[in-house]
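Chemist: Count the sequence shown with numbering that gives the first Met the number 0 and you get residues 0 to 275, in order.
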Amino acid sequence: MDTLLLPFQFAFMNNAFLIMAIIAVPTSLLSCYLVLKGWSLMGDAISHAVLPGVIVAYLIGIPLIIGAFVAGMICALATGFLSGNSRVKQDTIMGIVFSGMFGFGIVLYTKIRTDVHLDHILFGNMLGVDAGDIWTAGVIGLAVALVILSKRQDFLLHAFDPVQAQAVGLRVNWLHYGLLTMISMTIVATLSAVGIILSIGLLIAPGAIAFLLTKAFARMLWIAVAVTLFSGVSGVYLSFFIDSAPAPTVILILTAIFILAFIRSARMNQTAQGAS
0 MDTLLLPFQF AFMNNAFLIM AIIAVPTSLL SCYLVLKGWS LMGDAISHAV
50 LPGVIVAYLI GIPLIIGAFV AGMICALATG FLSGNSRVKQ DTIMGIVFSG
100 MFGFGIVLYT KIRTDVHLDH ILFGNMLGVD AGDIWTAGVI GLAVALVILS
150 KRQDFLLHAF DPVQAQAVGL RVNWLHYGLL TMISMTIVAT LSAVGIILSI
200 GLLIAPGAIA FLLTKAFARM LWIAVAVTLF SGVSGVYLSF FIDSAPAPTV
250 ILILTAIFIL AFIRSARMNQ TAQGAS
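#1: Please name the residue in L179, A136, N124, V167 whose C-alpha comes closest to that of A244.
#2: Might you give, ordered along the chain, the residues of its own chain that have their beta carbon closer than 6 Å to the beta carbon of P25, omitting 5 neighbours on each side?
#3: If A44 sits next to A70, beta carbons under 8 Å apart, how far is it from one beta carbon to the other, in whole angstroms?
#4: Between which two residues does the alpha helix (DSSP H) containing D129 stretch?
#5: Give me the residue from A130, K214, F159, Q163 with the minimum Cα distance to M267.
#6: Confirm, please, whether the CB-CB distance from A75 to I182 is below 8 Å.
#7: Under 8 Å between the Cβ atoms of A158 and K36?
#8: Does D132 pass the burial test, meaning 16 or more other C-beta atoms within 10 Å, or should it be called exposed?
#9: Name the residue from F216, P62, L211, G66 whose alpha carbon lies nearest to the alpha carbon of I256.
#10: Thinking C-beta only, is L197 closer than 8 Å to A246?
#11: Unbroken beta strand (DSSP E) runs of length 3 or more, entirely within the segment 37 to 87: which are they?
#12: Among V232, N84, L178, I258, which one has its Cα closest to the Cα of S39?
#13: For L4, does the three-state DSSP call read helix, strand or coil?
#14: Could you spell out the range, first to last residue, of the alpha helix (DSSP H) harbouring S238?
#15: Using the Cα positions of L220 and K88, report the straight-line distance between them to the nearest angstrom.
#16: At the level of alpha carbons, what is the spacing between I120 and L169?
#17: Please list, in chain order, all residues of the same chain as F11 whose beta carbon is under 6 Å from its beta carbon, the five residues on each side excluded.
#18: If you follow the alpha helix (DSSP H) that W244 is part of, which residue opens it and which one closes it?
#19: Just checking my contact of A223 with I208 at CB under 8 Å: how many whole Å lie between their CB atoms?
#20: Going by CA-CA distance only, name the one from K110, A130, I105 that's closest to A15.
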């Protein structure tokens, strides 16, 4: 029993459990809308685009989260503007924008001397988070969760049918750019824990798993949160014993759950087709 409780005896592990539980809520709620709207690549684009913002923020001496947020919003707004004013499809534009900004960030990083390790920016440093990181994640996570839950029906209609949403009087542009803003804010909240690259896993996998397990959207939200909380806590816990980084372990558990959910969904579809 003492061995099983050993991870909870270290302050850095308790901080890791706490910040993982905090970021699980906004990322899982957002992931449901990203999956339904087909915006998975948008989350990927914004997560990669924050790198130059982080580097510039470090150079001018402001908090890194400010630079990350500004860069994420620039990416989101640029993608929206270019896709609305050109014949090029949105996924192509997102690929160009995020790869360009990510490349720019790498070039900036190679030109400066800093004690900030690139691995911590790319993959996070969950075992090194402090009270400031936890408070930042908590404030952003609470704000995003409250907005999503209070406007969940509006965002749902916008995800399925923007034309109908506009016809019934919803402010489509506010919903569109509000969702982009929340994606940027959530990536900022996850930056210290899971980094730029792995944050996309938390923004896609929970919604995809829930989508495979249920057809009711309200239940989809709860399943996504529960799956992320389970994967987060178990991933951090398991990483202690297998001596691995917590964030990749969490993503691996989410991936395994997705595979199981996919197999279950495929079998249910086969059963339904056989019965008909």
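Just so it is clear, CB atoms sit at the ideal spot from N, CA and C, and this is done for glycine as well.
Bear in mind that the values here come from a model prediction, so they are computed numbers and not experimental data.
Modeler: With the structure as the only source:
#1: Nearest C-alpha to A244: N124.
#2: Closer than 6 Å at Cβ, skipping near neighbours: G140, V143, A144, T185.
#3: Going by Cβ atoms, the distance from A44 to A70 rounds to 11 Å, so no, they are not a contact pair.
#4: Taken as a continuous stretch (DSSP letters only), D129 belongs to no alpha helix (DSSP H), as it is neither H nor E.
#5: Put simply, of A130, K214, F159, Q163 the residue whose alpha carbon is nearest the alpha carbon of M267 is K214.
#6: Yes, Cβ-Cβ distance for I182 and A75 is below 8 Å.
#7: Yes, they are a contact pair.
#8: buried
#9: L211
#10: yes
#11: With a minimum length of 3 residues, there is no unbroken run of beta strand (DSSP E) contained wholly in the segment 37 to 87.
#12: L178
#13: coil
#14: 216 to 241
#15: 29 Å
#16: 38 Å
#17: L126
#18: Position check: residue 244 holds Ala in this sequence, whereas Trp was assumed. Per DSSP, A244 belongs to no alpha helix (DSSP H) and is neither H nor E.
#19: Indeed, because the Cβ distance is near 7 Å, the residues count as touching under 8 Å.
#20: A130
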